[in-house]
Amino acid sequence: MSLLETHALTARYGDFQALFGLDIHLEQGETVAIIGANGAGKSTLMRSISGVLENGADQVCFQGEPIGNLPASEIMARGVAMVPEGRRLFPSLSVEENLLIGTYGRKVQGHWSLQTIFDLFPILKERRNHPGTALSGGQQQMVAIGRALMSNPRVLLCDEISLGLAPVVIKDIYAAVPRIQEAGASLIVVEQDIGQALKVSDRVYCMMEGRVTLEGTADTLSREAIHDAYFGGAAA
Amino acid sequence: MIWIDTIIQGILLGGLYALFAAGLSLVFGIMRLVNLAHGDLIVFAAYLILLLVSLLGLSPFLAVIIAAPIMFGVGWALQRHVLNRVLGPDILPPLLVTFGLSVVLQNALMEGFSADSQRLPAGDIATASVQVGGLNLGVLPLLTFASAILVIVGLNQLFYRTELGRAFRATSDDAVTAGLMGIRPDRIFATATAIAMLVVTLAALYLGMRANFDPNIGPARLIYAFEAVIIGGLGSLWGTLVGGVIIGVAQTVGAAINPEWQILAGHLAFLIVLLIKPRGLFPRALD
Chain A
442 MSLLETHALT ARYGDFQALF GLDIHLEQGE TVAIIGANGA GKSTLMRSIS
492 GVLENGADQV CFQGEPIGNL PASEIMARGV AMVPEGRRLF PSLSVEENLL
542 IGTYGRKVQG HWSLQTIFDL FPILKERRNH PGTALSGGQQ QMVAIGRALM
592 SNPRVLLCDE ISLGLAPVVI KDIYAAVPRI QEAGASLIVV EQDIGQALKV
642 SDRVYCMMEG RVTLEGTADT LSREAIHDAY FGGAAA
Chain B
3 MIWIDTIIQG ILLGGLYALF AAGLSLVFGI MRLVNLAHGD LIVFAAYLIL
53 LLVSLLGLSP FLAVIIAAPI MFGVGWALQR HVLNRVLGPD ILPPLLVTFG
103 LSVVLQNALM EGFSADSQRL PAGDIATASV QVGGLNLGVL PLLTFASAIL
153 VIVGLNQLFY RTELGRAFRA TSDDAVTAGL MGIRPDRIFA TATAIAMLVV
203 TLAALYLGMR ANFDPNIGPA RLIYAFEAVI IGGLGSLWGT LVGGVIIGVA
253 QTVGAAINPE WQILAGHLAF LIVLLIKPRG LFPRALD
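For the record, the sequence lines run as chains A and B. Under the numbering used here, the residues of the first sequence are numbered 442 to 677, in order. Under the numbering used here, the residues of the second sequence are numbered 3 to 289, in order.
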């Protein structure tokens, strides 16, 4: 039994079908990267798993339990947290309040607390009373990651966490990934930067037009195979 | 001296309008819902207090302690089972539903209590006054104003000092992302409306003790509340108090010049503020 899996997952926006029968899985302790061009359906996949989009119950399973039709809040409470695309910090809340919102309504136990998040991203401690949205893009991303970690999730979904950030900032953000892994979370990382994706992940799914076109471990996939799966071609 | 007295009476009256408005402001601030039945819910709560007073022989101040949790439940159920179903990007459905609710409440109250005007028996407090620096101030208006301040301080504490307040603000900012953080927006909205109904019950207590009420006075209370919220800048609670005071002072000054001008003067003050500051005095973005 995988930690998290999807079975023939489909998703629609009105008449437009965005996902066509996706089967992916994430094992305990694993980091999986989802790569693909714009419009491939990566974010839709994240939104489906996290419960922002509703699915059939059995289309998404977490620890063997069907969660596909649960609301986002319930999926989060079960241990699947998301760092949404575009960070989506709450402008009315300070940095510290943004972090604390990740523990709303329940006592969470585990490695991550305000203190350990501040250890992971020390700059946030200095800025703890600033409005979340007054920070730089990279710092906002740190808040978004910290906010999701505060619930001590078993699975962390990261949707395009490098989007719009300078390379040096991206490096800082990804430097936190090993510590998140060590603390016990398994990760699904959506990433357009193939090099970065291959570096942090154990396994990669490449998506195109709502379908998985390639799957494999980072060390066994050739550049050509990824190129073809990414842009379409013979190998796909 | 007479003008100072008039202005102070107006400020104290503003406390009542702020109480009318605080619940409206709370609900609008969190879910961008304009509850057109707000005034009728105040009148409904006043009848509920009246019922408890006559059935149990309680003083209105004790009856409100029983009425408040009932209204809390009414607010929760109303939001959970009716209003949450129509909240969405289109603002028209909730307006239509609350407008319908307003009509239903007025007619139900008319059926149950007739069109006769009623009053909550305030006892000695209705006529009691205290002497402050040569001015006679009514105890009831002072109590009303103090209650408005307490309600606003309390709501601000709730908003900025508690976990629930954080969830209110987060849901108000972005309900979808709040869901991803484990917050259920539908429950947050129901809790907010339930809390707004607590304020409504308190407003109903002072409304019913200060003057006569009948099933049809809800819409006018809604307009005063609405004007106070808009003058204050949508969603700012202290701004709502200032808005209430501006309308209250305008009304008493208008009435002092000519009794027929009382209501008109309040509305004119509202229009003047809107002309000068279209976003209200304390727009939420500057909070």
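Cβ atoms here follow ideal geometry from the backbone N, Cα and C, with glycine treated the same way.
Within 8 Å, strictly: CB atoms of Q582 (chain A) and I614 (chain A): Going by beta carbons, Q582 (chain A) and I614 (chain A) fall inside the 8 Å limit.
Per-residue contacts from I185 (chain B) into chain A (C-beta, under 8 Å): Those within 8 Å of I185 (chain B) in chain A are S514, I542, Y545 and G546.
CB-CB length for L460 (chain A) against G482 (chain A), believed under 8 Å: 5 Å
Buried or exposed by the 16-neighbour rule on C-beta atoms within 10 Å, applied to D92 (chain B): exposed
Cross-chain neighbours of S592 (chain A) in chain B, by beta carbon under 7 Å: G184
Partner residues on chain B for R384 (chain A), Cβ-Cβ distance less than 9 Å: What the structure shows of chain A is the stretch from 442 to 677, and residue 384 (chain A) is not part of that stretch, so it cannot be assessed.
Beta-carbon separation (whole angstroms), M199 (chain B) vs M73 (chain B), contact threshold 8 Å: Indeed, because the Cβ distance is near 4 Å, the residues count as touching under 8 Å.
When B:S174, B:A65 and B:V155 are compared against V55 (chain B), the one with the closest alpha-carbon: It is B:A65.
Contacts of V29 (chain B) in chain A (Cβ-Cβ under 9 Å): None at all; the shortest Cβ gap to chain A is about 16 Å.
Within chain A, partners of V132 (chain B) - CB distance below 7 Å: The premise fails here: V132 (chain B) is roughly 40 Å from chain A at the closest Cβ pair, so nothing lies under 7 Å.
Member of B:G256, B:W240 and B:I232 whose CA lies at the smallest distance from the CA of V275 (chain B): B:I232
Assumed close pair V153 (chain B), A24 (chain B) - CB separation to whole angstroms, cut-off 8 Å: 5 Å
Continuous alpha helix (DSSP H) stretch holding G210 (chain B): start and end: P187 to R212
Reference F284 (chain B); option with closest CA among B:Q253, B:I265 and B:L236: B:L236
Other residues of its chain near L18 (chain B): CB distance less than 6 Å, five sequence neighbours each side excluded: T146 and Y208
Test: G181 (chain B) CB closer than 8 Å to a CB of chain A: Yes, because at least one Cβ of chain A sits closer than 8 Å to the Cβ of G181 (chain B).
Residue from B:L43, B:P62 and B:I44 whose Cα sits closest to the Cα of L52 (chain B): B:P62
Stretch-stretch touch, CB-based, cutoff 8 Å, three pairs: the segment 594-611 of chain A with the segment 621-641 of chain A: Yes, the segment 594-611 of chain A is in contact with the segment 621-641 of chain A.
Within chain B, the residues that S491 (chain A) reaches when beta carbons sit closer than 7 Å: Ordered by position in chain B, the residues that pass the 7 Å Cβ test against S491 (chain A) are L182.
Cα-Cα separation, A194 (chain B) to I219 (chain B): 25 Å
Secondary structure of Q504 (chain A), DSSP reduced to three states: coil
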